[in-house]
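Per the working numbering, the sequence shown runs over residues 5 to 125. Have a look at the structure below before the remarks.
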Amino acid sequence: PFDLDELAARARALIRRSKGRTTPLLEFDRLTLDPASHQVIYKNQPVEMSPREFALLRILMENADKLVSKTRLQEALYGWDQDVESNAVEVHIHHLRKKLDAGLIETVRGVGYRLAKDPKP
Numbered sequence: 005p006f007d008l009d010e011l012a013a014r015a016r017a018l019i020r021r022s023k024g025r026t027t028p029l030l031e032f033d034r035l036t037l038d039p040a041s042h043q044v045i046y047k048n049q050p051v052e053m054s055p056r057e058f059a060l061l062r063i064l065m066e067n068a069d070k071l072v073s074k075t076r077l078q079e080a081l082y083g084w085d086q087d088v089e090s091n092a093v094e095v096h097i098h099h100l101r102k103k104l105d106a107g108l109i110e111t112v113r114g115v116g117y118r119l120a121k122d123p124k125p
């Protein structure tokens, strides 16, 4: 009796509003991510991303003030029925670092990843 895409969109809107964001845009330093149009702008330049890179960056930006574990990233990027290589997240992080500044995504050994407040080149 209802459309799952519509339900998901309404849930995302409620979550966004509960976090105090009225627009879907995610911003961090000079990085802007628009989930609706699937666009990423960094230093006023558009950046092309694969769907998984985009999803990974979105998770990091939604949790910009927290560490995100590798396990949580894997669960968000891959379904339960997919075989995931042990270094899949690291590969996507590597690609993001090549497309953005290398110091933008910080690795905390044994814990996870986070966006760096002051990226070091």
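Glycine is no exception: its CB is placed at the ideal position from the N, C-alpha and C atoms.
Integer Cβ distance of residue i from residue j, believed to fall under 8 Å
i	j	result
residue 40	residue 28	5 Å
residue 104	residue 65	That belief does not hold up - the Cβ atoms of residue 104 and residue 65 are roughly 11 Å apart, past 8 Å.
residue 100	residue 61	6 Å
residue 72	residue 118	7 Å
residue 116	residue 47	Not quite, the Cβ-Cβ distance comes to about 25 Å (not below 8 Å), so this is no contact.
residue 120	residue 109	7 Å
DSSP bridge partner residues for residue i (one or two, in chain order)
i	result
residue 46	35, 49
residue 19	According to DSSP, residue 19 bridges with nothing at all.
residue 30	37
residue 110	118
Range covered by the beta strand (DSSP E) that runs through residue i
i	result
residue 118	116-119
Closest Cα partner of residue i within the set the options
i	options	result
residue 59	50, 78, 17, 47	78
residue 107	33, 22, 81, 12	33
residue 81	70, 114, 46, 97	97
residue 49	35, 57, 61, 19	35
residue 94	9, 31, 22, 56	56
residue 54	63, 42, 76, 47	42
residue 67	13, 18, 90, 31	31
residue 70	90, 111, 22	111
Start and end residues, alpha helix (DSSP H) containing residue i
i	result
residue 100	92-103
Taking only runs of the alpha helix (DSSP H) that begin and end inside the stretch 53-78, which ones reach a length of at least 4 residues, in chain order?
Those alpha helix (DSSP H) runs which fall completely within the stretch 53-78 and span 4+ residues are 55-66.
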